[in-house]
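In what follows, a structure is listed as C-alpha cells, so that the remarks can point back to it.
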Amino acid sequence: MVQTVSEFAFSISNLPPIDGSTNIPRIPDAPDYPPDIFLVMASLLESAGAYAHFDPASDNDIETNPPTFVLPKEDRDIAISTGQAWSQNAIKDRFGYIPDNVLALWGTFFRLYGEETVRVRADFKTTPVWWKHALELLIISDEASETLGNPTSTEAPKFIDKIHFGVFENVRTQEQHDTTRWKDSKLLISNGSAASFALSGRKEVANVFPKLNITTRGCSHRNFSKNLSLLPKTGTVRCHWHAPQRALATENEKTVDILLVPFPFEIPAKVFSEANPNHTAMAAMEPGSPRSWANFRIDQSLYNAEDIPSLTERLITAAKKDVSSVNGVIFPEYAMKFETFHTLGERIRSKKCEPELEFLVAGSSDNCQNQFGNYVLTRVWNKIEKDYSNAAEEVDFSLMSSRRKHHRWMLDGPQIDSYGLSSSLDPRINWWENHIAGFRELHFYPFRQNSLFTTLICEDLARMDPCHEVLKSVGPNLVFSLLMDGPQIDGRWPARYSKALSEDIGCSVLTLTSYGLIDRTNACAVHGKNETVAYFTSPLGTREIKLPYSNGARGVLLSLTSEIVESQCTIDGRFKTRRVWRLANSRPIYPI
0 MVQTVSEFAF
10 SISNLPPIDG
20 STNIPRIPDA
30 PDYPPDIFLV
40 MASLLESAGA
50 YAHFDPASDN
60 DIETNPPTFV
70 LPKEDRDIAI
80 STGQAWSQNA
90 IKDRFGYIPD
100 NVLALWGTFF
110 RLYGEETVRV
120 RADFKTTPVW
130 WKHALELLII
140 SDEASETLGN
150 PTSTEAPKFI
160 DKIHFGVFEN
170 VRTQEQHDTT
180 RWKDSKLLIS
190 NGSAASFALS
200 GRKEVANVFP
210 KLNITTRGCS
220 HRNFSKNLSL
230 LPKTGTVRCH
240 WHAPQRALAT
250 ENEKTVDILL
260 VPFPFEIPAK
270 VFSEANPNHT
280 AMAAMEPGSP
290 RSWANFRIDQ
300 SLYNAEDIPS
310 LTERLITAAK
320 KDVSSVNGVI
330 FPEYAMKFET
340 FHTLGERIRS
350 KKCEPELEFL
360 VAGSSDNCQN
370 QFGNYVLTRV
380 WNKIEKDYSN
390 AAEEVDFSLM
400 SSRRKHHRWM
410 LDGPQIDSYG
420 LSSSLDPRIN
430 WWENHIAGFR
440 ELHFYPFRQN
450 SLFTTLICED
460 LARMDPCHEV
470 LKSVGPNLVF
480 SLLMDGPQID
490 GRWPARYSKA
500 LSEDIGCSVL
510 TLTSYGLIDR
520 TNACAVHGKN
530 ETVAYFTSPL
540 GTREIKLPYS
550 NGARGVLLSL
560 TSEIVESQCT
570 IDGRFKTRRV
580 WRLANSRPIY
590 PI
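In numbering that gives the first Met the number 0, the protein residues as written are 0 to 591.
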C-alpha cells in the first residue's frame, strides 16, 4: 500500500521499499505546502534527538565528542533565500509551485534517511548526514510560512489560502438561529480551527501551528524555527487558532485599554460547600477510609447580589471619560455563568456603551452547551465582508469560544485557614474542586498585526504540563490568567510562575483574582491589609495592581503599549523582531 508523506515522518525505521522489494526505498512526492515539509523534518529531527547535537558556533564539520553537525553559512543563506523565494513566487504563480532546490534536497534527504536509522546508538561517532539536509528543509519551509497566522495579509502566498480553507472553513459552526436565546446577537459559536496547519499530518502524533515568539533559552525544536511551531499530539493538548476576518490594527496605532472587574467582591464562606453526598468529609475521616479527601463546589447564587451587565456598563462609561475606547474587559475565575456572559456581551458591545470593544474574557461555571465545570469564556468581535448584489458590506459579528480548566484546584488545611473557610470545609482533609479536566485545549487570538493572546485558568499557570510546552512553542506575547485566589503580590505563587513564563517566552502575563477572597484573607490577617487584585509581569518589569474597594472603586483600567525590544534569534542564526506589551499605567474606576 502506498503510504502518505506523514506516515513516513512518523516511522522510526528505514523507508518502506517499493512493491515489497527489500532493496530500493520509495521516495514520496514532496508536498507543495511548506508546513507539511516542516512537520516531516521537525518531527524526524525531534525523534532522532538531533537538535542537541547542532553546533551553531562552527561552520566546519570537526570531530567532537559527543558528535555534532553544523550548517555552514552559505548553506543557511541558500535555505533562507529559497524559503523567501517560495513565498514570493507563490503570491503570483499557480498553486502547487515548489522550488527546484526543495525538490533536490527532498530527494537527497530521503535517500540518506533510508540508509541510516532515526534512533542512533548512544555511542555513535558521527551524526547521520540526513540531519543537515533535514535542517535545511526545515529552514526553507519555516521561512516560506511567515504570514501563515494572518490570512488577511495582502502579501500572503496562494498556498496559504488553501491551507486556511482546510484549517478554518472546514470547522466553522453555522450562525445560531435560536431566536429566543440568541436574538439579534450575530453570534457564532466557534470551533476554532483544525488542530494543525499541516494538511497531511497525522494529528494524533504531532501538529504544526504558527509561531509568534522564539523561545531563546534551552535547546529544543522551539529554538530552531521563527514562523512555525511543532505541537504535541491532539490527545495531549488540542489547540485552536482564531484567525481574524479583516486586517488588524498595528501595534503603534493606539494603546490597548483593558478594564479589569475583580468580581465577586464578597464571597461568604458558604459559597464553598461539599459537592458529593455519596462521599462526605465525615466518611473520608473514618479509620480505614479508602479516600482521605472530599470534593467542594462553588455556589455562585450566594455571591453578593450584583447586576454584572449594569455594573460593567457603568464602569465602561466612567473609563471612557479618560480614554477614547475600552478594547477589552476581563473577569476572574468563576465570576459568572454563561447566560450572564452572553447578556453582558450584548449589553456592553453596543453603540450605547462601547462599539469598539474587541474582546471579553471571563471565568464561568458552565458553557454554551450547559456543561458544568470550570471554564474560561472568550468572545471576540470583528467584522466580515458580505456581498449583497455586488456591493461588499462589512457586517459586525463575534466569535464565542470556551475551554475547560486543565487541573483541579485542591484546597488544603493552610489554604482553608487563610481564606477563613473552615466553617464550610473541614481543614483536616484535602478538598478537590468538583471538576473534570477532560479534553485539554488552548485557544489563541490574534488582536494586532503582530500580537497574540491566550488565556489560562489558575492551576494552568502553575502546572507545567501540558499547556506550557505549547505556550513555549507558539510564543504568544500576552497571557491572561484568571484566578480565584488571595492578593496578587510579588513573592506569592502567581507572581513566581508568571515571571518564569515571561522570562522563558518573552511574553507579558496578567493575573487577575476576585476581590472576594482577598477580603477574606484580609479578615484573617494573613497578608495584612491588601487590595492587590492583579499582577502584571513582562520582560520590561513587573507591577502590582490594586483596587481601592473601600473607596468605592469596582474596576481597574490598564493601558498597554507595545514596544520593540531586542531581536530574537534562532539557534541557526535567523533573526525576528520581538514585540513586548508593557503596562504603561493603571488607575481605579468608580462606577457612575
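By construction, the Cβ of each residue, glycine as well, lies at the ideal position given by its N, Cα and C atoms.
Here the structure is a predicted model, which is why all the values come from computation and not from measurement.
Straight across, the Cα-Cα distance linking L134 with G106 is about 14 Å. In the DSSP secondary-structure assignment, V360 is bridged to I329, T377. C-alpha of L556 to C-alpha of I347: approximately 16 Å in a straight line. Comparing C-alpha distances from P33 to each of T316, S513, S224, P538 shows the shortest one belongs to S224. The shortest CA-to-CA distance from H132 to any of A143, L198, F53, Q83 is the one to F53.
DSSP places F479 within a strand segment (E or B) once states are collapsed to three.
Secondary structure note for D141: its alpha helix (DSSP H) is the uninterrupted segment 129-142.
Measuring C-alpha to C-alpha distances from Y50 to each of S401, N294, N550, F68 identifies F68 as the nearest.
By the C-beta criterion, the region 283-300 is judged not to be in contact with the region 228-235, since fewer than 3 inter-stretch pairs fall below 8 Å. Annotation: W292 is outside any alpha helix (DSSP H); the continuous beta strand (DSSP E) that includes it extends over 292-297. Note on W240: 16 or more other CB atoms within 10 angstroms of its CB, so buried under the neighbour-count rule. Under the Cβ criterion (8 Å, minimum of three pairs), the region 359-373 does not count as touching the region 487-501.
By the 16-neighbour rule on beta-carbons within 10 angstroms, I61 is exposed.
In the structure shown, the three-state DSSP call for F109 is helix.
The residue among L376, G113, K498, L470 with its C-alpha nearest the C-alpha of T342 is L376. Q448 has no beta-bridge partner at all, per DSSP.
Between L38 and A197, the gap from beta carbon to beta carbon is short of 8 Å.
By DSSP's assignment, P209 forms a beta bridge with L227. With a cut-off of 8 Å on Cβ pairs, the region 262-273 is in contact with the region 513-521, counting three or more such pairs. Out of K545, A242, A84, the CA that lies nearest to the CA of I162 is found in A242.
Straight-line measurement puts the Cα of D459 at about 12 Å from the Cα of W492. Within the model, the alpha-carbon separation for C352 versus E312 is close to 6 Å. Counting C-beta atoms within 10 angstroms of its own C-beta, A583 has fewer than 16 neighbours from the protein chains shown and is therefore classed as exposed. As a beta-bridge residue in DSSP terms, Y534 pairs with T510, E543. A distance of 8 Å or more separates the beta carbons of H405 and P354. For R586, the pairing in a beta bridge is given by DSSP as L556.
With contact defined as three or more Cβ pairs closer than 8 Å, the region 461-477 and the region 268-275 are not in contact. Taking C-beta atoms as the reference points, L559 and V255 count as a pair closer than 8 Å. The Cβ atoms of S42 and A143 lie no closer than 8 Å to each other. Rounded to the nearest whole angstrom, the C-alpha separation of N381 and I415 is 43 Å. Note that the C-beta distance between F158 and D306 is not below 8 Å. A direct Cα-Cα distance of roughly 15 Å separates L410 from N373.
Taking 8 Å as the upper bound for CB-CB distance, S507 and V579 are in contact here, some 6 Å apart. Of all alpha-carbon atoms in N100, S401, S349, F396, the one lying nearest the alpha-carbon of F371 is that of S401. Shortest Cα-Cα distance from S140 to any of A461, D35, A522 involves D35. Each of F452, R495, T214, G344 was checked against the Cα of R573, and the nearest Cα belongs to T214.
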